[in-house]
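Using this note's numbering, the first residue of the sequence shown is number 9, and each one after it goes up by one. C-beta atoms are modelled at their ideal positions from N, C-alpha and C, and glycine is treated no differently. This structure is a prediction, so every number in the text was calculated from the model and none was measured.
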Amino acid sequence: LPIAPLALAVVALFLLVAGASLYWTPDMDAAERQLIQFAYTLLPIACAIGVLMRLPDRLVRRLEWAFIAGILIGMTILVFEVKEGQPLHYWVQGLKPGELSINTFNRALVGMAMLVFPTVGLVLARGQNNLAIVIPVGYGALLTQTESQTALLGVAVGAIVYVLAVRLPKFTPWMVGGIFVALSIGAVPVAFAFDASGLVHADWLMLSARHRIEVWHFAAEKIMAAPWLGYGLESAQATFPKAGEISSILPHDINMVHRHPHNLFLQIWYEFGAFGAAVVMIAGLAMLWRLSKLAPRAGQAGIATFSACLAMVAVTSFSIWHTWFMCTLALALFSVLLLARDPLPVVKPSVSTGSNADDKAKQPDPENPEP
9 LPIAPLALAV VALFLLVAGA SLYWTPDMDA AERQLIQFAY TLLPIACAIG VLMRLPDRLV
69 RRLEWAFIAG ILIGMTILVF EVKEGQPLHY WVQGLKPGEL SINTFNRALV GMAMLVFPTV
129 GLVLARGQNN LAIVIPVGYG ALLTQTESQT ALLGVAVGAI VYVLAVRLPK FTPWMVGGIF
189 VALSIGAVPV AFAFDASGLV HADWLMLSAR HRIEVWHFAA EKIMAAPWLG YGLESAQATF
249 PKAGEISSIL PHDINMVHRH PHNLFLQIWY EFGAFGAAVV MIAGLAMLWR LSKLAPRAGQ
309 AGIATFSACL AMVAVTSFSI WHTWFMCTLA LALFSVLLLA RDPLPVVKPS VSTGSNADDK
369 AKQPDPENPE P
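Structure (structure tokens):
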């Protein structure tokens, strides 16, 4: 059977942890729905990994071209949307001017940011070096004209790590792994450190960033009250208060409710405690180890993609449990695996050393190949 045992084992362990937390979650109904969503989202993703690694080379090549074309078309649409004020979003959702939530459009921007660097790897594999540079630089420039700092951060971090992965191939996976472990273990003390730094009252910092520090601090304090097993699946959505109740810089009666800690690591700690954080850390390190063993161009794109996603989930304004979010992460993983399966040969220039007779004499005999 075309299965990926490690992927299925990780998903099964995560479902086991999430399922066990139903016994102490404050919102059983929401947690049960989320667990079912995990099952029908993550299990097919894990199965698809096994199928993808066994596809015929011809189909892999077609899927790669389809992925590249889809990303380029998607970026073209995003350029049009940004320049013209999102007319397609308004039209598809049937909204009137001024009714579109900025978060709705930002999801598309963040999703595309996750897919930039697999595309760069696939384009480089086809010898299109100039286009490979234009894609992240052009998309980063586009993001500066939007309000999605999360997507811009992801593209910037991914670009830096991509260069490091090319220049320092042995050091970069260790560096990224060290940062990942530090964030997994130290999310709570880091949240307390940000609060103690006084950045909440720094006028030069964006208001959204300052308030995010307040949200992280609130989550960290709650985590310290239940550090081992957390509060259960969907507990963040059920227990987080209104923004004004935890903020010293926003109006107390502001109509805004947080449903998650705006940080992957804090959300894992909040809902599943230290045990859940350990599971996620092991899964992330296993993925990094696997990426480091791929062929260079796939490994470089994979490390850059991992780093871009890591940067975005560390400050995300979206819940990490959203189906679109998990599926986009899966699509990024699939595209890296496609690159690892890339059947395109490495073409080396031939060098003529003499007469045609000499050159023909050097050609291998298909009936008597050299050992």
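Alpha helix (DSSP H) segment containing residue i, residue limits
{"i": "residue 41", "result": "36–60"}
{"i": "residue 321", "result": "304–323"}
{"i": "residue 245", "result": "243–247"}
{"i": "residue 300", "result": "272–300"}
{"i": "residue 157", "result": "157–175"}
{"i": "residue 63", "result": "Element bounds for residue 63: n/a, residue is neither H nor E."}
{"i": "residue 229", "result": "215–233"}
{"i": "residue 256", "result": "Looking at the DSSP string, residue 256 is not in any alpha helix (DSSP H), and its letter there is neither H nor E."}
{"i": "residue 394", "result": "In the structure as shown, the chain begins at 9 and stops at 379. Residue 394 is therefore absent and cannot be evaluated."}
{"i": "residue 326", "result": "Note, residue 326: premise wrong, no alpha helix (DSSP H); not H, not E."}
{"i": "residue 386", "result": "Nothing about residue 386 can be reported from this structure: the residues present for the chain run from 9 to 379 only."}
{"i": "residue 147", "result": "137–151"}
{"i": "residue 182", "result": "179–204"}
Residue of the options minimising C-alpha distance to residue i
{"i": "residue 128", "options": "150, 212 and 305", "result": "305"}
{"i": "residue 51", "options": "81, 86, 11 and 186", "result": "11"}
{"i": "residue 334", "options": "157, 161 and 118", "result": "118"}
{"i": "residue 331", "options": "115, 72, 104 and 246", "result": "115"}
{"i": "residue 344", "options": "26, 25, 231 and 71", "result": "71"}
{"i": "residue 202", "options": "218, 123 and 140", "result": "218"}
{"i": "residue 312", "options": "282, 186 and 122", "result": "122"}
{"i": "residue 134", "options": "205, 73, 93 and 41", "result": "73"}
{"i": "residue 220", "options": "248, 190, 229 and 269", "result": "269"}
{"i": "residue 196", "options": "234, 186 and 185", "result": "234"}
{"i": "residue 170", "options": "317, 92, 207 and 191", "result": "317"}
{"i": "residue 25", "options": "327, 276 and 326", "result": "276"}
{"i": "residue 23", "options": "258, 288 and 125", "result": "288"}
{"i": "residue 124", "options": "191, 81 and 111", "result": "81"}
{"i": "residue 191", "options": "209, 282, 157 and 207", "result": "282"}
Beta-bridge pairing of residue i - partner residues as DSSP gives them
{"i": "residue 250", "result": "265"}
Alpha-carbon to alpha-carbon, residue j and residue i
{"i": "residue 20", "j": "residue 79", "result": "31 Å"}
{"i": "residue 173", "j": "residue 297", "result": "14 Å"}
{"i": "residue 381", "j": "residue 31", "result": "Because the chain is modelled from 9 through 379, residue 381 falls outside the range shown and cannot be assessed."}
{"i": "residue 193", "j": "residue 285", "result": "8 Å"}
{"i": "residue 100", "j": "residue 120", "result": "19 Å"}
{"i": "residue 337", "j": "residue 329", "result": "11 Å"}
{"i": "residue 358", "j": "residue 83", "result": "Residue confidence for residue 358 is low, a pLDDT of 41 falling below 50, so the modelled location carries little weight and cannot support an answer."}
{"i": "residue 366", "j": "residue 142", "result": "Bear in mind that a pLDDT of 46 at residue 366, under 50, signals an unreliable position, so the number given afterwards is only what the model happens to contain. In a straight line, the C-alpha of residue 366 is about 43 Å away from that of residue 142."}
{"i": "residue 356", "j": "residue 165", "result": "At residue 356 the pLDDT is 43, less than 50, meaning the model places this residue with poor confidence and gives no usable figure here."}
{"i": "residue 246", "j": "residue 29", "result": "14 Å"}
{"i": "residue 188", "j": "residue 301", "result": "18 Å"}
{"i": "residue 280", "j": "residue 44", "result": "17 Å"}
{"i": "residue 139", "j": "residue 272", "result": "32 Å"}
{"i": "residue 85", "j": "residue 109", "result": "18 Å"}
{"i": "residue 131", "j": "residue 204", "result": "45 Å"}
{"i": "residue 349", "j": "residue 260", "result": "54 Å"}
Contact with chain D by residue i, beta-carbon distance below 8 Å
{"i": "residue 335", "result": "Absent here is chain D; the protein component of the structure consists of one chain."}
Can we say the stretch 237–252 touches the stretch 36–44, given the rule of at least three CB pairs closer than 8 Å?
-> yes
Are there three or more Cβ pairs, one per stretch, closer than 8 Å when the stretch 42–61 is compared with the stretch 264–279?
-> no
Touch check for the stretch 298–313 and the stretch 171–187: three-plus C-beta pairs under 8 Å?
-> yes
Count the C-beta pairs between the stretch 245–255 and the stretch 286–296 that are closer than 8 Å, then say yes if the count reaches three, no if not.
-> no
So, do the stretch 57–71 and the stretch 319–328 have three or more beta carbon pairs nearer to each other than 8 Å?
-> no
Is the stretch 101–108 touching the stretch 147–167 in the sense that three or more CB pairs, one from each, lie closer than 8 Å?
-> no
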